[in-house]
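Per the working numbering, residue 58 is the first one in the sequence shown, and the count goes up by one each step.
C-beta: ideal position from N, C-alpha, C; glycine also.
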Amino acid sequence: MKPVFNIFRQKKFRFEKLYCDSVDDSGNCFIVYLAKLDCRFVSFCYSGLIHIDGKGFVTGSSSFKGIDIPGGKILKINVEEPGIEGTWKSTDSPLVRTLLRDEDNGDLIWNCHHPKAATEIRFKNMLHKGRGYAETLVLPMMPYRLPVDEIRWGRFLSDVTTVIWICWKGARPLNILFLNGCEYSDAEFSVNGITFGEKLFRLSFSEVRIIRKGTFDDLFPGKPILKFIIGRGILKSMETKYIAKTTFSRNSIFTASGWSIYEEVMWRR
């Protein structure tokens, strides 16, 4: 369903989202979202935290207070609510791509400024050192305009290997995957993993745990104005996010192990 009010014209819409994650050797996983939405005379901020401990117990918190979205090679986050402080020190070269070109509304830019980073997370008076990832997505058009029906996204990190993938199904399909910065367009997905590079490479998932399963509407309780700005249908999109132990192989020969975080989104309008 499209937004009710036509006063929210496309060129006056801008959504910016910073996504950061970190996993330590024990499997403690932290996912942080910082987002800003501007639509003519309406502004909206959001910060959220998802924490899954090494035993698989998931907790989450969020806030709608004003925020600044940080940047830089050393990314520092300090959010009172939900109460987390973290540092991401980049160890890989950044990746920037235009995922969708739109002359009328502007391009959808994906800025993966931290494909892999050394991380330090302070949470509940404890320090967690691990490996993480951070990206910023800038959307200059109403979400219902995106020509997608299904989205797959994820990342795998080890000491020597970085794999990142984005796949769209719909009117403008997209299939891109990066292995240590090299781009591939033939990723094939299954429940247990991903093959690519003419089936030369494989990521194999094990001990898969669900981090989150729910609609976008679940993230914004008490914010009915978003139904008018973004659209009721978009907020009913279903997101399932996973974490899994992962092995990476070439020609069926094991080369690396680490953690994958990935998601599937069924997009609605």
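Rounded to a whole number of angstroms, what is the C-alpha to C-alpha distance between residue i and residue j?
i	j	result
F101	S309	48 Å
T303	V265	9 Å
D162	Y90	A quick correction: the sequence has Asn, not Asp, at residue 162. So the alpha carbons of these two residues sit roughly 24 Å apart.
E160	M198	11 Å
V220	F311	15 Å
S314	D164	35 Å
F70	L152	25 Å
G271	W324	12 Å
K284	F305	42 Å
H171	V99	30 Å
L132	R326	34 Å
H30	S79	Limits of the chain in this structure are 58 at one end and 326 at the other, which puts residue 30 out of reach.
P139	S118	5 Å
A228	L94	25 Å
N249	L184	32 Å
E73	W145	19 Å
L214	C239	15 Å
K226	V136	35 Å
E255	R154	23 Å
G288	K122	22 Å
R158	A92	22 Å
I166	V205	16 Å
S150	I124	27 Å
D216	R269	26 Å
D110	T116	9 Å
K112	K186	17 Å
P230	I134	34 Å
Does the separation of the CB atoms of residue i and residue j fall below 7 Å?
i	j	result
S267	L260	One detail in the question is off: residue 267 reads as Ile in this sequence, not Ser. Not in contact: I267 and L260 (Cβ atoms no closer than 7 Å).
L106	I141	yes
A21	F258	With the chain running from 58 to 326 in the structure shown, residue 21 is simply not present.
K173	T148	yes
S120	S104	yes
E192	C169	yes
I126	L75	yes
L203	W222	no
C96	I282	no
Residue i CB to nearest chain C CB: under 7 Å?
i	result
S294	Within the model displayed, chain C is absent; a lone protein chain is all it includes.
Taking its Cβ as the centre, do 16 or more other Cβ atoms sit within 10 Å of residue i, making it buried, or is it exposed?
i	result
T218	buried
N237	exposed
R188	buried
D81	buried
C86	buried
I300	buried
P278	exposed
C77	buried
F114	exposed
P200	buried
M58	Annotation note: pLDDT 47 at M58 (below 50); position unreliable, coordinate value reported separately. Classification of M58: exposed, given that the 10 Å Cβ count is below 16.
I88	buried
G129	exposed
G143	buried
So, under 8 Å CB-CB, residue i and residue j are touching, yes? Tell me the CB distance rounded to an integer number of Å.
i	j	result
S242	N232	5 Å
F273	L292	5 Å
- Given 8 Å as the limit, is there contact between the stretch 207-217 and the stretch 315-325, that is, 3 or more CB pairs closer than that? yes
- Would you say the stretch 167-179 touches the stretch 294-303, given that touching needs at least three Cβ pairs under 8 Å? no
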